[in-house]
Amino acid sequence: MNTEIERKFLVDTALLPKLSGGTEIRQAYLSLDPTVRLRIKGDRAYITVKSKGLVERKEIQVEIPIAECEAMMELCPESTIIIEKERFEVKHKGNLWVVDFFHGAHEGLVIAEIELDKINQDVEIPPWAHREVTGDPSYLNSNLALSGAKQGE
166 MNTEIERKFL
176 VDTALLPKLS
186 GGTEIRQAYL
196 SLDPTVRLRI
206 KGDRAYITVK
216 SKGLVERKEI
226 QVEIPIAECE
236 AMMELCPEST
246 IIIEKERFEV
256 KHKGNLWVVD
266 FFHGAHEGLV
276 IAEIELDKIN
286 QDVEIPPWAH
296 REVTGDPSYL
306 NSNLALSGAK
316 QGE
């Protein structure tokens, strides 16, 4: 079991460097308590179980066949939506950030995340990461799947 420690930020896209090589992601949630996520990322698929938490969470992820992932997505609760986004990797001051451009119900929302080795790790925040939303549960992907209407600010 891994521990995921991450911080999240809303993005000012006008300040982003030029991006290329994005990966399409579709994800859905079989359960929100505990969080059981299904994800198709490019040509691979995963099922992930995550503990509760906003910054630090336990996580188990297993690769599964895409056909099985798509079949399980059909079993997700009707009260949730499939999240669609394009993910880009951006290096800043030696750190790897991921920047997600949401589509569909969340069109216009752009969130950057950085995974950390420890909870109090120092990291230089890029100028395009303009507002931290790490502690705001409404920006958890599981809650975005539930809301279906959250828009970027």
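Heads up: the sequence shown begins at 166 in our numbering, then just goes up one per residue. Here a beta-carbon is modelled for each residue, glycine too, at the ideal position from N, C-alpha and C. This structure is a prediction, so every number in the text was calculated from the model and none was measured.
(request) Tell me the start and end of each unbroken alpha helix (DSSP H) in the stretch 185-261 that is at least 4 residues and wholly inside, in chain order. (result) List check, alpha helix (DSSP H) in window: 231-238.
(message) In this structure, how does DSSP classify residue 178 when only helix, strand and coil are distinguished?
(response) In the displayed model, residue 178 falls within a helix according to three-state DSSP.
(message) Taking 6 angstroms as the cut-off, is the C-beta of residue 231 nearer than that to any heavy atom in the ligand GDP?
(response) Ligands in the displayed structure: none, and consequently the ligand GDP is not present.
(request) Would you identify the three-state DSSP class for residue 285, choosing helix, strand or coil? (result) Secondary structure at residue 285: coil, using DSSP grouped into helix, strand and coil.
(request) Grab the span of the alpha helix (DSSP H) containing residue 310 for me, first residue to last. (result) The continuous alpha helix (DSSP H) containing residue 310 extends over residues 306-312.
(request) Report all residues from its chain with a CB closer than 7 angstroms to the CB of residue 167; omit the five preceding and five following residues, and keep chain order. (result) Result list for residue 167: 224, in chain order.
(message) Taking 8 angstroms as the cut-off, does the stretch 248-268 touch the stretch 188-196 (at least 3 CB pairs, one atom from each stretch)?
(response) Enough Cβ pairs lie closer than 8 angstroms, so yes.
(message) Would you call the stretch 297-309 in contact with the stretch 178-187, where contact means no fewer than 3 C-beta pairs closer than 8 angstroms?
(response) In short, these stretches do not touch, since the Cβ pair count stays below three.
(request) Enumerate in chain order the residues of its own chain whose CB-to-CB distance from residue 312 is below 6 angstroms, with the five nearest sequence positions on each side excluded. (result) Excluding five sequence positions before and after residue 312, none of the CB atoms of its chain fall closer than 6 angstroms to its own CB.
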